[in-house]
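Written out as structure tokens, the structure reads:
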């Protein structure tokens, strides 16, 4: 009886904690979206209030779309993010398959070496990265950002995908080899479809730091033609005067792709996280 009575109480406390965390996490997003639709005076007078017919204003969005090349910045961010995620998923899945499927000398050490990339921030090597990009002539190119973000996302992708690939039935892969399938066919046709939830999880966890990053675009690609959306939003922040309407509007537009990605992959993401929790 005591367990039966404590179970609803425990469940209620867990739900209360989750709801509280959700509200805290969504509050800055809500505040940004709401104030992007208000006039400058209304933002400073009452930032917590919802827009009214008197305070409603789209001047921030008009400024963002008229000044600079915001659509170009958005396109640059999309190209960098999509290509980086594709390379991370491809190379990360192939490396994870090799580590989980084949046994060779140094297998464990290789896995530990790759896991170090999760613990050591890539920004510690900024100077060496910049020197390498200057030597290869890749400064102020989207290729430089793609290479850095691919290297940044691979350790986590390999760690997550290798754990999931170890759960794929060996009998299924052996049956494929008996039927004459090559290792590439087994990888692409048998293994990858079974780890799609993990792939979606890696895609979401990889996209967010890439899309929101300001450090490497500022250092490796500060040119007008290669600016990303986060770097482009900085043009509205001055030393003495900041156009908060434009800044909040730019940030609101930058949030949309992340929300769309989550809506598309939310089911796969939750399935991937819960599968890892069960294991």
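Numbering (my numbering), first residue to last: 19 to 297. In this text, a Cβ means the ideal position worked out from N, Cα and C, and glycines have one as well.
For residue 60 and residue 73, the gap between their C-alpha atoms comes out near 6 Å. Taking the C-beta atoms as reference points, residue 135 is found no nearer than 9 Å to residue 104. DSSP places residue 180 inside the alpha helix (DSSP H), whose first and last residues are 160 to 183.
Contact between residue 99 and residue 228 holds, since their C-beta atoms are separated by about 5 Å, short of 8 Å. Ranked by Cα distance from residue 149, the options 166, 137, 139 are led by 166. Of all alpha-carbon atoms in 92, 177, 233, the one lying nearest the alpha-carbon of residue 130 is that of 177.
Secondary structure at residue 56: strand, using DSSP grouped into helix, strand and coil. The criterion of a C-beta distance shorter than 9 Å is not satisfied by residue 119 and residue 56. Residue 163 holds the alpha-carbon nearest to the alpha-carbon of residue 102 among 200, 163, 75. A Cβ-Cβ separation of about 6 Å places residue 172 in contact with residue 106 under the 8 Å criterion. By the Cβ rule, the stretch 237 to 250 does not count as touching the stretch 30 to 40, because fewer than three pairs are nearer than 8 Å.
One thing to note: residue 220 has its Cβ no nearer than 9 Å to the Cβ of residue 183. Under DSSP, the beta-bridge partners assigned to residue 74 are 56.
The DSSP assignment places 233 to 238, 247 to 250 as complete runs of the alpha helix (DSSP H) inside the stretch 217 to 273, in order along the chain (cut-off: 4 residues). Between residue 47 and residue 273 the beta-carbon gap is near 6 Å, inside 8 Å, which marks them as a contact. Around the CB of residue 278, fewer than 16 other CB atoms lie within 10 Å, so the residue is classed as exposed.
Assigned with DSSP and collapsed to three states, residue 110 falls in helix.
Each residue's CA atom was taken as its position, placing residue 25 and residue 39 some 21 Å apart. By the beta-carbon neighbour count (other beta carbons within 10 angstroms, threshold 16), residue 127 is exposed.
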